[in-house]
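Residue numbers (the UniProt record's numbering): 1 to 110. Comments concern the structure below.
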Amino acid sequence: MIDIAAASVNSLLSTSTSDGMPSELKQYLDQPIIPRKENPTKFWFDCRHFTPVLSDIVLKCWISPASSVSSERVASAVNLAVPNNRSRLTTEHVNQRVFLMSVSDKYWFD
1 MIDIAAASVN SLLSTSTSDG MPSELKQYLD QPIIPRKENP TKFWFDCRHF TPVLSDIVLK
61 CWISPASSVS SERVASAVNL AVPNNRSRLT TEHVNQRVFL MSVSDKYWFD
C-alpha cells in the first residue's frame, strides 16, 4: 500500500500551478469547508472527479477507527489478569500476567 501511495504522491506533485503548489491540492484547498456532521468519506468519494489523485490517496490511506473495541479489549484483559485482591502488583507483573493470559492454550498444553 505504501508503494501505491508513493506513486500517487509523485503523480500529484508532477502537475503544479504557477506558485509551485500541486494543482489538485490547490483545487482542494479552494473548496469550502464541509460541515462537521457531513460524511468525509462521501466528500472524498465525490471529489474524485476534480481531484482524482488526491482523492485516491485519501480513500486508500485514510483510516478512522469505527469503534473503541481495541481499547476496551485491552482494559478487559487487564481486568481479567488483575483481580481486585491483587491491587498491589507492579506494572511489570501486570504486563507479565496480561501476556501470559494472551498465550493460546495450544502453547501451554501438548
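Each residue gets a CB set at the ideal place from its N, CA and C atoms; glycine is no exception. Remember, it's a predicted structure, so these values are computed and weren't measured experimentally.
query, result
"Status (buried if at least 16 other CB within 10 Å, exposed otherwise) for Ala81", "buried"
"Beta-carbon spacing of Ser55, Ala77 below 8 Å", "no"
"Per-residue burial, Pro83 [other beta carbons within 10 Å of its own, 16 or more giving buried]", "exposed"
"Asn79 versus Ser104: straight-line alpha-carbon distance, rounded", "18 Å"
"Asn79 - containing alpha helix (DSSP H), residue span", "Val69 to Ala81"
"CB contact flag (Phe50, Leu59, <8 Å)", "no"
"Of the listed residues Pro52, Gln96, Lys106 and Ala75, nearest to Leu25 (C-alpha basis)", "Pro52"
"Per-residue burial, Pro40 [other beta carbons within 10 Å of its own, 16 or more giving buried]", "exposed"
"Sub-8 Å separation of Phe43 and Ile33 beta-carbons", "no"
"Span of the alpha helix (DSSP H), counted from its first residue to its last, around Ser102", "Thr91 to Ser102"
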